[in-house]
Each structure stands twice: as structure tokens, then as C-alpha cells.
Amino acid sequence: MYMRKKLFFAAIAILAATVCVQAQNSRIVEEGGSGSYKAIMMEEPTLTTHTVFRPQDLSKFNKENPLPIIVWGNGGCANSPSGHINFLNDVASQGYLVVAIGPSNYRQAEAPRPGQTGDVPRMGQGGGMPGGAQGGGMPQMGGQRPQGAPQGGAQGGGQGAGPRMGGMSMGDPAGLKAALEWAIAQNADRESHYYQILDIDNIAAAGMSCGGLQALHMSDDARIKTILVMNSGYFGGEDKASLNRMKQKSVIWILGGPTDIAYENGSDDFKQLSGTMPAFICNLEGIGHGGTYMQPYGGDYSKVATAWLNWWLKDDKESSAMFTGAEPGIGKMAGWSFDRKNIQ
Numbered sequence: 003m004y005m006r007k008k009l010f011f012a013a014i015a016i017l018a019a020t021v022c023v024q025a026q027n028s029r030i031v032e033e034g035g036s037g038s039y040k041a042i043m044m045e046e047p048t049l050t051t052h053t054v055f056r057p058q059d060l061s062k063f064n065k066e067n068p069l070p071i072i073v074w075g076n077g078g079c080a081n082s083p084s085g086h087i088n089f090l091n092d093v094a095s096q097g098y099l100v101v102a103i104g105p106s107n108y109r110q111a112e113a114p115r116p117g118q119t120g121d122v123p124r125m126g127q128g129g130g131m132p133g134g135a136q137g138g139g140m141p142q143m144g145g146q147r148p149q150g151a152p153q154g155g156a157q158g159g160g161q162g163a164g165p166r167m168g169g170m171s172m173g174d175p176a177g178l179k180a181a182l183e184w185a186i187a188q189n190a191d192r193e194s195h196y197y198q199i200l201d202i203d204n205i206a207a208a209g210m211s212c213g214g215l216q217a218l219h220m221s222d223d224a225r226i227k228t229i230l231v232m233n234s235g236y237f238g239g240e241d242k243a244s245l246n247r248m249k250q251k252s253v254i255w256i257l258g259g260p261t262d263i264a265y266e267n268g269s270d271d272f273k274q275l276s277g278t279m280p281a282f283i284c285n286l287e288g289i290g291h292g293g294t295y296m297q298p299y300g301g302d303y304s305k306v307a308t309a310w311l312n313w314w315l316k317d318d319k320e321s322s323a324m325f326t327g328a329e330p331g332i333g334k335m336a337g338w339s340f341d342r343k344n345i346q
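Plus 2 on top of the position in the sequence shown (first one is 1) and you've got this note's numbering.
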């Protein structure tokens, strides 16, 4: 009898510990978001290097109603999505699986919020690493190197420094590629709760600032259907040339107006893009480099990004009205300006 009680309480203790660990590695953000599928921010045991945002109730998704996939890169090449969680969570609540670079339990005092650091050099400046408005150095991440950032220490950049240092591109998309491969593998794994409920034919790469460069560097992967470049843009002639070799179906730049340090970069990208691929560029005047990521439910950025995703990944004609027609919906939103190519 004593032994049975002992085993019973031991089992309860193990269960409690398991629940505690799960609770520490998941979080409900803003009551699950504004969408129809209340979301959760969590860590998956099979991908502890990333954070997953997805609907809490996966039973609503199947082969007939699958979850499109979004892989996300953070501002400052940070190894944490902490500065974007309202935005990412809200997008997930619209019926998406979002896989962001960086673990969900990442904690550090110096992780940059969007717009906190000038992590995309303006055109004509001395390039260098994210972290300083004049190409200055790498943000110090509690001893960890941010995902996608080159080796080489804190004092990068400077006059003449280009988009490559230490032999690695500033926008190295390795973290996004890992997220993409994981999601595709989960969809094929009979033991996974994502088994055959993910839409592996409808995938987006997206990111803010340096993360936007990471997304752009996924442009040679035809599995990516659309790219969202947010508060970001290429710099350097070599990267600009790659714009017209993109294998995607569409691309959008979402910027913060002339006060956004990436405004010139993104605007020039759009200008340089030729060919027949549908492209859209929009600016929320006065918001600057920080965007609306941490406003309630991700602010206007969430509304615009979700409409774009719904159009291109879910073929939602109603959402396409945000960008198409003689009077696109975005033109009726306060503070927004836009331009487009190959979109009627």
C-alpha cells in the first residue's frame, strides 16, 4: 500500500513538472489575437531554436483546410522574436503557422525592439553590420551571435564595409531555411500533430529590417510563394541584381515612410524590379523604422500583411481588394501611400 502511494505521488510530481515546463515554453498573447483562430506562442520540442505561433486548436485544420506557412526573420538579426510578438501572434490567429527565428524562452536585456537600432544601413553609407546607424557593429546578445549575422565581433561596419563580413552574408537565411524544412517534415510525419494539416504549397518568407534581408535571400527557393520585406531592402549592386531572378509569385515591401532608415533601400528595390512579377510597395507615413509590430494586435502592419497573405496563400479575393482595383483598400487607410507593378 505504501509503495503504491509512493508511486502515485511520484507520477503526480512528474506530471506537474511536465505541465510546468510546457507552461514556461508557451504563452497566450493578447487573448490569442484578433483572428478567428485564437493563437498560441510556443516552443516545439522538435525545433527549440525557433518560436512557433499557431492556432491553439489544430483540429479545425485538415487537407481541405490546411495551414499556410510563414517563416520569419527578426530585426537586428536577433535570435528572438520578442519585438514582434503581437504582430506574429495576430497573423497566426488568422489561420497561419508562423515559425520565427529564436527560442520562445530567450531572455536578454539587450534584445532590440524594432527600430531601436539602425540595423539596415542607408544607401550610400558604409554598410557594415546591424546595430549602428552608421554601419556600426553587432548588437551584443548576451554572448550569443544573432541568427544570420556574420562572425566578427561588435565593431563591424565602418567606412567601406559592405554587406559581407567574416565570409558570411549579413542576411544569411539559414534560420529561415531551417524553419521551412522543419515545417515540411512535420507535415509528412505521422507522429506529428501537424501531420497533413500544413499547406506546403503556400509558404511565405517574411522579416523585419535585417530579417527582411534574410527573407529576400530566400528568393532563389521556388517553394516560397511570396516574400514580405518589412522595414527593409537590399543594399549593394550584387543583391540588387538578384531582384530580377526571384522565383516567387509576388513580393511586397511594407515600409515606414521617409523617416524609416530602410525607406531608401526598399524604395530602390521596388524601382529596380522589372519583369512581370506582381509587386507592391506601401508606406505608413511617420511610423518610421519601428513599424506597428508591438501595437495592439500588430496594428496596421498586421492588417496589411494578413490581407497580402490571404490573397497570395489562400486565394482570398476579398483580401486582394486591399491592393487591387482603381481604389485599393490600403489607399483608404489613414497615413498609407502605395505604388504597384503588374497588379490591376
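All C-beta atoms, glycine included, are put in the ideal place defined by N, C-alpha and C.
Reduced DSSP category for residue i - H, G, I as helix; E, B as strand; rest coil
i      : result
THR308 : helix
GLY162 : The pLDDT assigned to GLY162 is 31, lower than 50, so where the model puts this residue is not dependable; a value taken from the coordinates is nonetheless given after this. Here GLY162 sits in coil by DSSP.
SER95  : coil
HIS52  : strand
SER171 : Residue placement at SER171 cannot be trusted, given a pLDDT of 49 that sits under 50; what the coordinates show is reported in the next sentence. Strand, per DSSP.
GLN346 : coil
ARG247 : helix
GLY209 : strand
SER269 : helix
PRO298 : helix
LYS201 : Checking the sequence, you will find Asp at residue 201 rather than Lys. Correct three-state label for ASP201: strand.
GLY78  : helix
ILE103 : strand
ILE289 : coil
MET335 : coil
PHE325 : coil
PHE63  : coil
ASP241 : helix
ILE87  : helix
TYR303 : helix
GLU33  : helix
GLY235 : coil
ILE263 : coil
LYS224 : One point to set straight first is that residue 224 is Ala, not Lys, in the sequence displayed. Coil.
GLU320 : helix
GLU193 : coil
Beta bridge counterpart(s) of residue i as assigned by DSSP
i      : result
GLU46  : LEU49
CYS284 : ILE256 and PHE340
SER28  : MET44
ILE229 : ALA207 and VAL253
LEU275 : In the DSSP output, where bridge partners are listed per residue, LEU275 has none listed.
ILE72  : VAL100 and ALA206
PRO349 : Residue numbering for the chain in the displayed model covers 3 to 346; residue 349 lies beyond these limits and cannot be assessed.
Contact belief for residue i with residue j at Cβ below 8 Å, rounded distance in angstroms
i      : j      : result
LEU204 : PRO280 : At residue 204 the sequence reads Asn, which differs from the Leu that was named. Wrong, their Cβ atoms sit about 15 Å apart, outside the cutoff.
SER106 : MET44  : 6 Å
LEU315 : PRO70  : 4 Å
GLY288 : GLY337 : 7 Å
CYS284 : SER221 : In fact, because the Cβ distance is near 20 Å, the residues do not count as touching under 8 Å.
GLN216 : LYS65  : That belief does not hold up - the Cβ atoms of GLN216 and LYS65 are roughly 30 Å apart, past 8 Å.
ASN81  : GLY104 : 4 Å
Across the region 42-62 and the region 267-279, are there enough close Cβ pairs to call them in contact, namely three or more that are closer than 8 Å? no
Given 8 Å as the limit, is there contact between the region 172-192 and the region 68-82, that is, 3 or more CB pairs closer than that? yes
Across the region 251-263 and the region 228-241, are there enough close Cβ pairs to call them in contact, namely three or more that are closer than 8 Å? yes
Does the pairing of the region 258-268 with the region 317-333 give three or more beta-carbon distances under 8 Å? no
At a cut of 8 Å, does the region 28-45 reach the region 176-195 through at least three beta carbon pairs? no
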